[in-house]
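Novice: Numbering (this note's numbering), first residue to last: 1058 to 1328.
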Amino acid sequence: MAKKSIFTDSFGNIYFLKRFIIFILGMISYRRFNGFNKLKITGTEHLVNLPKNNVLFVSNHQTYFADVAAMYHVFCAVNNGYMNTIKNPVYLLNPKVDFYYVAAEETMNKGILARIFKLAGAVTVKRTWRAEGKNVNRMVDLKEVENILKALDNGWVISFPQGTTSAFAQGRKGTAKLVQQQRSIVIPIKINGFRRAFDKKGLRVKVTGVEPTMQFKAPLDIDYDNEKAEDILNKIMHAIEQTPEHNVLHDYDKEYQERKKQEKKTSKLIL
1058 MAKKSIFTDS
1068 FGNIYFLKRF
1078 IIFILGMISY
1088 RRFNGFNKLK
1098 ITGTEHLVNL
1108 PKNNVLFVSN
1118 HQTYFADVAA
1128 MYHVFCAVNN
1138 GYMNTIKNPV
1148 YLLNPKVDFY
1158 YVAAEETMNK
1168 GILARIFKLA
1178 GAVTVKRTWR
1188 AEGKNVNRMV
1198 DLKEVENILK
1208 ALDNGWVISF
1218 PQGTTSAFAQ
1228 GRKGTAKLVQ
1238 QQRSIVIPIK
1248 INGFRRAFDK
1258 KGLRVKVTGV
1268 EPTMQFKAPL
1278 DIDYDNEKAE
1288 DILNKIMHAI
1298 EQTPEHNVLH
1308 DYDKEYQERK
1318 KQEKKTSKLI
1328 L
């Protein structure tokens, strides 16, 4: 596995350029999270004293870019001693640069802004089940897996195990297999409100006055030797609250349908 140097990260990207990009993108996006809308952050105490590498953050996903941009703000803030707040953007002068995120290749190749985001730390992968809006079935590219392992060997990585912005979508076992292989520390993140505040890409403010939330949870307790990938995935999906029991709307719909059935039965008895 390649290693970072004083001047470049593990992929050969120049640190000075990464710092500059993170600073500029951070300043541009700052008012989106502490102005037009107020990002509410909890649980950053779980980020203190973590090792500098082999930490995998797993999160649900609501927009293409706003989720990750907000995470950059939080990680940079914590890196400079600011806990559960991004009120002082001075932290952007000393960003956390050994931070990477897994993103769909087709998303990161659309437009110049996406390509700039890519330089900030994207590890791109081709989705094996979906491409250009169509269902596909293709093999995992082992080189892409190696790139994720390389990122973990040299820093922190954020992964979205559902691989989509759709709520309560199925989790992908690839993330769990990665955890098994790398024995990473796994930190769950639960986000909410981003879909309401921003458009799907996360570039445009859709509604102001929203309080998007970002909750960091304690590291998952994983038995790397005995737990199956399916068990690890279930733990991850439960921790990021994307399992059926967390789907309040689903429960509401079921209750509504049951109530309607009961009302029909009652009306028939009366007639």
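Glycine included, C-beta positions come from ideal geometry on N, C-alpha and C.
For a minimum of 3 consecutive residues, which ranges assigned as the beta strand (DSSP E) are wholly contained in the segment 1069-1144?
Specialist: Qualifying beta strand (DSSP E) stretches, in chain order: 1097-1099, 1112-1116.
Novice: Specify the secondary structure class of D1155 as computed by DSSP and reduced to three states.
Specialist: Three-state result, D1155: coil.
Novice: Measure the CB-CB distance between E1162 and K1183 and report whether it falls below 8 Å.
Specialist: Cβ distance < 8 Å, so E1162 and K1183 count as in contact.
Novice: Helix, strand or coil, according to DSSP, for I1279 in the structure here?
Specialist: Three-state DSSP puts I1279 in coil, outside helix and strand.
Novice: Just to confirm my understanding: we take K1230, look at its own chain, exclude 5 residues before and 5 after, and list those with CB closer than 6 Å. What are they?
Specialist: These residues qualify, in order along the chain: A1286, L1290.
Novice: Excluding five sequence neighbours on each side, which residues of the same chain lie with their C-beta closer than 6 Å to the C-beta of P1203?
Specialist: First, the residue type needs correcting, since residue 1203 is Glu and not Pro in the sequence shown. Closer than 6 Å at Cβ, skipping near neighbours: no residue.
Novice: Please state the DSSP three-state secondary structure of I1242.
Specialist: In the structure shown, I1242 sits in a strand (DSSP, three-state: E or B).
Novice: I need the DSSP call for N1204, collapsed to helix, strand or coil.
Specialist: Note: N1204 maps to helix in three-state DSSP.
Novice: CA-CA distance, A1171 and T1181?
Specialist: Between A1171 and T1181, the C-alpha separation is close to 12 Å.
Novice: What residues in its chain sit with their C-beta under 8 Å from that of N1111, if we drop five residues either side in the sequence?
Specialist: Same-chain partners within the cutoff: L1209, D1210, Q1239, R1240, S1241, I1242.
Novice: If you count every other CB in all the chains shown that lies within 10 Å of the CB of Q1319, and 16 or more means buried, which is it?
Specialist: Classification of Q1319: exposed, given that the 10 Å Cβ count is below 16.
Novice: Determine the burial state of I1085: buried for a count of at least 16 other Cβ atoms within 10 Å of its Cβ, exposed for fewer.
Specialist: It is exposed - the Cβ of I1085 has fewer than 16 other Cβ atoms within 10 Å.
Novice: Give the straight-line distance between the Cα atoms of I1269 and H1295, rounded to the nearest whole angstrom.
Specialist: Looking at the sequence itself, residue 1269 is Pro, so the reference to Ile does not match. So the alpha carbons of these two residues sit roughly 20 Å apart.
Novice: Which residues in the same chain have their Cβ closer than 6 Å to the Cβ of L1074, if we skip the five residues on either side of it in sequence?
Specialist: Cβ neighbours of L1074 beyond the five flanking positions: none.
Novice: With H, G and I counted as helix, E and B as strand and the rest as coil, what does DSSP make of K1175?
Specialist: In the structure shown, K1175 sits in a helix (DSSP, three-state: H, G or I).
Novice: For D1280 and I1098, I'd like the C-alpha separation in whole angstroms.
Specialist: So the alpha carbons of these two residues sit roughly 29 Å apart.
Novice: Here's a check: name, in chain order, each residue in its chain whose Cβ is nearer than 7 Å to the Cβ of T1265, leaving out the five neighbours to either side.
Specialist: Hits under 7 Å: F1093, N1094.
Novice: When DSSP labels each residue in this structure, what does T1232 get in the three-state scheme?
Specialist: Three-state result, T1232: helix.
Novice: Does the distance from the C-beta atom of F1114 to that of I1248 stay below 8 Å?
Specialist: It is not a contact, given that the beta carbons lie outside the stated cut-off.
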